[in-house]
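Below is one structure; the comments refer to it alone.
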Amino acid sequence: MLPHRSEFPEGFLFGAATSSYQIEGHRFGGAGRTHWDDFAATPGNVTRAENGATACDHYHRWAEDFDLMQAAGFDVYRFSTSWARVMPEGRGAVNAEGLDYYDRLVDGMLARGLKPAATLYHWELPSALADLGGWRNRDIANWFADYTEVVMRRIGDRVWSAAPINEPWCVAWLSHFLGHHAPGLRDIRATARAMHHVGLAHGRAIETMRGLGMGNLGAVCNMEYAAPADDSAAAAAAASLYDGYYNRWFLSAMFKGEYPADVLEGLGPHMPAGWQADMATIAAPVDWVGINYYTRKLIAPAPGPWPAHREVDGPLPKTEMGWEIYPEGLGFFLRRTARDYSGDLPIYITENGMAGADRLVAGRVEDAARIDYLAQHLRAVQSAAADGVPVQGYFTWSLLDNYEWALGYEKRFGLIHVDFETLQRTPKASYHALSRALSRKA
1 MLPHRSEFPE GFLFGAATSS YQIEGHRFGG AGRTHWDDFA ATPGNVTRAE
51 NGATACDHYH RWAEDFDLMQ AAGFDVYRFS TSWARVMPEG RGAVNAEGLD
101 YYDRLVDGML ARGLKPAATL YHWELPSALA DLGGWRNRDI ANWFADYTEV
151 VMRRIGDRVW SAAPINEPWC VAWLSHFLGH HAPGLRDIRA TARAMHHVGL
201 AHGRAIETMR GLGMGNLGAV CNMEYAAPAD DSAAAAAAAS LYDGYYNRWF
251 LSAMFKGEYP ADVLEGLGPH MPAGWQADMA TIAAPVDWVG INYYTRKLIA
301 PAPGPWPAHR EVDGPLPKTE MGWEIYPEGL GFFLRRTARD YSGDLPIYIT
351 ENGMAGADRL VAGRVEDAAR IDYLAQHLRA VQSAAADGVP VQGYFTWSLL
401 DNYEWALGYE KRFGLIHVDF ETLQRTPKAS YHALSRALSR KA
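Read in my numbering, the sequence shown has 365 at position 365, and its numbers run on one by one without any break.
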């Protein structure tokens, strides 16, 4: 059973999260082409070559989706704006229809008592900027700042919170080193530049929003617990390095103005010239930190060039993504983030959830495994809060089944089932369980 909201600290917020390209329907409303459209059109990259052209058609159905959020008793809706929807070429001309859309979204949230938590970038880079090198090009930091100003001049007076970039590790490493996401590169020089320029763009966006008089600005980092695959010193070193480039790189830059020395051993020779001068901008003060957490990985050493390690299949129960269920990792990151990086700043779990083998049967989706997953992780949050960690909110990923990037529409993370043929919404058992847990009635 899920713990009730009354069992959390006073003022603790509950929400659900989505992202623009995954739900909106990118073919609507004059949005420009993105590198995800290009990546998906390349054979072999995405399951069934699916893309976000229609997705959940949140573009037209947002009122229905917000009504479901309100009915469940959520406090916060974490959403993202699409760079290519607002500025189809990434620079220059603004798509008025795109800005109007986000204006309607924010007003729609407020009308239903939902706090709008905006993220400016959730991976859908305009193709025109990818043509110019994308995240490899230092100029992207200023392009992003310009986009930030356009969006937040319109909606910044009404959003509850704002964060520049969702999951910098995915934007940089997963997409430029492992090649699993757009732009699909496997290039260490591109990776080093992206790992730096993502942080620089974050800092420039924070500066821009401060200049507009905005507050409650934060950083959202994904974290993955790295455990040694065995008791050897080599495995411990491999896991520590994984933790370094996955979890410590961005937090260290944002909160300490420096990169971890162990990761610089590998990335240092490939970093852009003069990167050190950017660290003060990357470390622009924020008001909160968000943690996206899903799983742990077992790491073993491996032959070959840096980082010279590999993932090992673990023994714990797994989600439909093949990810181990390890709520202890969330507790670890809550405690370490406060202790080593963010101090007394509020921490929010900005994403946590699981993909399940969800089936619609007789109008119902029984997803008991998801309810159990959420309960385990919420108990880890309660434990951290009891230890004095300033955790102030928990947002489930995701509100809706949606476009799961390279996996197309294959994996379902939503509290609400979406039939991708009819676009019919059906709240799952987990939605109803959360609704009961969030009830303010005695």
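From the three backbone atoms N, C-alpha and C, an ideal C-beta is built for every residue, glycine too.
- In the three-state reduction of the DSSP assignment, Gly156 falls in the coil class, being assigned neither a helical nor a strand state.
- Pairing Val198 with Val220 gives a Cβ-Cβ distance that is not under 8 Å.
- The shortest CA-to-CA distance from Arg210 to any of Thr191, Tyr21, Ala145, Met279 is the one to Ala145.
- In its chain, beyond the 5 residues on either side, Gly32, Asn95 have a beta carbon closer than 6 Å to the beta carbon of Pro88.
- Nearest to Trp323 by alpha-carbon distance, out of Arg339, Tyr341, Asp340, Arg296, is Arg296.
- Around Val159, the same chain offers Pro116, Ala118 as residues with beta carbons nearer than 6 Å, after the five sequence neighbours per side are excluded.
- Residue Val46 holds the alpha-carbon nearest to the alpha-carbon of Lys411 among Ala192, Val46, Ala63.
- In this structure Ile349 is not in contact with Val389, their Cβ atoms being roughly 11 Å apart against a cut-off of 8 Å.
- Contact annotation, His202 with Pro260: C-beta distance approximately 17 Å; criterion of less than 8 Å not satisfied.
- Counting only residues of its own chain and dropping the five nearest sequence neighbours on each side, Tyr373 has a CB closer than 7 Å to the CB of Ile325, Met354.
- For Lys115, the enclosing beta strand (DSSP E) covers residues 115-121.
- With 16 or more neighbouring CB atoms inside 10 Å of its own CB, Pro168 falls in the buried class.
- The beta carbon of Phe8 is closer than 6 Å to none in its chain, skipping five residues each way along the sequence.
- For a cut-off of 8 Å, the C-beta gap from Pro307 to Leu360 is around 42 Å, too long to register as a contact.
- Pro126 has Thr34 as its beta-bridge partners, per DSSP.
- Between Glu351 and Phe420, the gap from beta carbon to beta carbon reaches 8 Å or more.
- Bounds of the alpha helix (DSSP H) holding Ala63 are 58-72.
- Three or more beta-carbon pairs separated by less than 8 Å link the region 117-131 to the region 15-34, which places the two stretches in contact.
- Of the candidates Tyr294, His181, Arg339, Tyr294 places its Cα closest to the Cα of Lys318.
- Inclusion of Ser439 and Asp367 in the CB contact set at 8 Å is not warranted, their separation being larger than that value.
- For the set Arg310, Phe66, Val391, Gly52, the Cα lying nearest the Cα of Leu399 is the one of Phe66.
- In the DSSP assignment, no residue is bridged to Ile23.
- Listed in chain order, the non-local C-beta contacts of Glu207 below 8 Å within the same chain comprise Ala145, Thr281, Ala284, local neighbours out to five positions each way being set aside.
- By the criterion of at least three beta-carbon pairs nearer than 8 Å, the region 182-195 is in contact with the region 254-269.
- In this structure, Arg91 lies near Trp143, with their beta-carbon atoms less than 8 Å apart.
- Closest in alpha carbon position to Phe74, among Gly98, Thr18, Leu13, Asp157, is Leu13.
- Collapsing the DSSP output to three states places Val94 in coil.
- For Arg412, there is no enclosing alpha helix (DSSP H), as DSSP marks it with neither H nor E.
- By the Cβ-count criterion, Ala111 is exposed, with fewer than 16 other Cβ atoms from all chains shown falling within 10 Å of its own Cβ.
- Counting every other CB atom within 10 Å of its CB across the protein chains shown gives Leu105 a total of 16 or more, marking it as buried.
- Lys297: member of the beta strand (DSSP E) spanning 288-301, first to last residue.
- Gln392: member of the beta strand (DSSP E) spanning 391-397, first to last residue.
- Between the alpha carbons of Pro183 and Ser175 lies a distance of about 6 Å.
- If you check the CB distance, Thr337 and Val289 come in under 8 Å.
- DSSP links Ser80 through a beta bridge to Thr119.
- Look at the beta carbons and you see the region 49-56 touching the region 15-27: at least three pairs across the two are nearer than 8 Å.
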